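**Student:** This is the structure, below, for whatever I ask next.
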Amino acid sequence: MTPCVEITIAPKEAPGIRNGEPDVAALGPLQLRRVSTLTAAERRALERLAYKFGESPESYLAIEPERFCLVVPDFSAAISVIPAGRCLHCSGGLLAPVSVRRAMVRCLSEYARQTQRLIACYSVGEADRPFFEEAGWEVSKFGEDPTIRLGDLDWKGKSFEWVRRQANYCRRKGLVVREIDHRALAPEAWHTLKSELAEIHTSDLRNRIYSREMNLLTGKFQPDNLESRRLFIAENPQLGRIAAFIIANPMQGGKSWALESFRRRHEAIRGSIPFLMKSIIDALQEEKVESASLSLLIWKDCRRFRGNRMSRLLSRCLIMGYEIGNLLYHTKGLTHFKTRFRPELKACYLCVTPQTTPLSILNFLYTVGAFSIDLPNCFRLTCRGIIRALRRSTSHTP
């Protein structure tokens, strides 16, 4: 584990405003802080930044105590960080008002130069992409964020037939969906519920290629650290058992929500997760929420992107990762599942300074936990993937 460090970089520019935007010095020096060491007031300020200015599904993960953050002294801008050696992996985009984001990128560039560290920013949106390109960062497509606009969504027509069928089947089987307000529960009831959620969480991971939680781009199961996140469950009241749960992360001050953490009981009836997703989306629509994200599809359509600042090394690795990932845990199937909800696919970018190297790619894989493979599960799932590919090729043979 990287030790807790606080580093202050004094910017060279004179304070003031440049082209109607704050310059680097106006923001103040960047500080690398561990979230668990923040005071209560600082933690509240960081949480408000993530809630108000987060624009990607994992933006709100900035509040997880084991993470770090790069912040300006008055906590008016920040970015979530997981340090790993000489690399700083920043997820969730820039947690700052739009008016200061260009200056924030320049601050990050100066920080990387003076500390001689590589900085990688994940899930950068289309609107912020030019700021990184102007500052000389490498900018490569990293995936797509499937986002559903809720304004006129009515689930009608042939394109939503599959979603309706899953929901109707679950209703006939007695499943109902409700939101859990953990703050309103009695301590004993909350403790009992947490135990059942932990059981489902462990059961869901047990048979996966990664039987432990991954890092950086996915949230940890921390029921006592929900803060503004929302917890929804699908349960059968007659059986008194929870079939599945989803934790939703806030974005853009609650104008949008990301269905970020999906977990289901191994023996839950077919369709529990899509039924729960549809029910949550319906509830958000009633609240006049603008959009809902189904969370990042890593590697999606990276081969089609061409940019002036693109890293060819990273692009090749992402394309190769997509094919390997499909063999191990069926990434194409996950993409197919999420696109059943007919979302808008928004490009997400990975921005790196000074440049991507083979070692920085290995560092990323180590940071997310890609080497923590459950070998028996890996063998079983690889065989299943090969069989699936053979069947598909056989079925296409004339």
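In this text, residue positions in the sequence shown follow the numbering used here: the first is 1, and each later residue adds one.
Each residue gets a CB set at the ideal place from its N, CA and C atoms; glycine is no exception.
Quantities reported herein were computed from a predicted structural model and do not represent experimental measurements.
In three-state DSSP terms, what is V105?
**Tutor:** In this structure, V105 counts as helix in the three-state DSSP scheme.
**Student:** So, for S360: in the same chain, excluding its five sequence neighbours on each side, which residues have a beta-carbon less than 8 Å away from its beta-carbon?
**Tutor:** If we look at S360 and ignore the five residues flanking it on each side, its Cβ neighbours are C87, L118, A120 and V352.
**Student:** With the cut-off set at 7 Å, would you say Q215 and G369 are in Cβ contact?
**Tutor:** For clarity, residue 215 is Asn in the given sequence; the question names Gln instead. Closer than 7 Å, so yes.
**Student:** From I246, L296 and R270, pick the residue whose C-alpha is nearest to that of A347; which is it?
**Tutor:** The candidate whose alpha carbon is nearest that of A347 is L296.
**Student:** Evaluate G143 with the Cβ neighbour count: other Cβ atoms within 10 Å of its Cβ, from every protein chain shown; 16 or more gives buried, anything less gives exposed.
**Tutor:** Counting Cβ neighbours within 10 Å, G143 comes out buried, since at least 16 surround it.
**Student:** What's the C-alpha gap between E260 and K156?
**Tutor:** Each residue's alpha carbon lies about 25 Å from the other.
**Student:** Classify S293 as helix, strand or coil using the three-state DSSP reduction.
**Tutor:** Note: S293 maps to strand in three-state DSSP.
**Student:** Please state whether DSSP places P354 in a helix, a strand or coil.
**Tutor:** Of the three classes helix, strand and coil, the one that applies to P354 here is coil, per DSSP.
**Student:** Taking Cβ positions, are S272 and A244 nearer each other than 7 Å?
**Tutor:** Yes, these two residues count as a Cβ contact at 7 Å.
**Student:** Assuming R67 contacts V81 (C-beta within less than 8 Å), just tell me the rounded distance between them.
**Tutor:** With 8 Å as the limit, R67 and V81 qualify as a contact, their Cβ atoms being about 7 Å apart.
**Student:** Thinking C-beta only, is A258 closer than 7 Å to P57?
**Tutor:** For P57 and A258, yes; Cβs fall inside 7 Å.
**Student:** Determine the burial state of M104: buried for a count of at least 16 other Cβ atoms within 10 Å of its Cβ, exposed for fewer.
**Tutor:** Buried, since its Cβ has 16 or more Cβ neighbours within 10 Å.
**Student:** Quick test of the definition: if touching needs 3 or more C-beta pairs under 8 Å, does the segment 327–342 touch the segment 154–169?
**Tutor:** Yes: the two stretches touch, three or more of their Cβ pairs being nearer than 8 Å.
**Student:** Does DSSP classify G333 as helix, strand or coil?
**Tutor:** G333: helix per DSSP, three-state reduction.
**Student:** Pairing CB atoms from the segment 217–236 with CB atoms from the segment 28–40, are three or more of them under 8 Å?
**Tutor:** They do not touch, by the three-pair rule.
**Student:** Could you tell me the distance, in whole angstroms, from the CA atom of A112 to the CA atom of G254?
**Tutor:** C-alpha separation (whole angstroms): 32 Å.
**Student:** Using only the alpha-carbon positions, how far apart do F262 and I246 sit?
**Tutor:** Straight-line Cα distance between these residues: approximately 5 Å.
**Student:** Straight-line CA distance for R388 to L294?
**Tutor:** Those two C-alpha atoms are separated by around 26 Å.
**Student:** If you count every other CB in all the chains shown that lies within 10 Å of the CB of C383, and 16 or more means buried, which is it?
**Tutor:** C383 should be labelled exposed.
**Student:** At the level of alpha carbons, what is the spacing between V72 and K332?
**Tutor:** Near 40 Å, if we compare the C-alpha coordinates of K332 and V72.
**Student:** Please report the straight-line C-alpha distance between L108 and E64, rounded to a whole angstrom.
**Tutor:** When rounded, the distance between both Cα atoms is 21 Å.
**Student:** What is the rounded straight-line gap between the Cα of E267 and the Cα of L193?
**Tutor:** When rounded, the distance between both Cα atoms is 18 Å.
**Student:** CB-CB under 7 Å to F53, same chain, minus the five flanking residues each way: which ones, in chain order?
**Tutor:** So the qualifying residues of the chain are L95, A96 and P97.
**Student:** Compute the beta-carbon to beta-carbon distance between S279 and V177, rounded to the nearest angstrom, for a pair I have assumed lies under 8 Å.
**Tutor:** Rounded, the Cβ-Cβ distance is 4 Å, consistent with contact.
**Student:** Return helix, strand or coil for H191, following the three-state DSSP convention.
**Tutor:** Helix, per DSSP.
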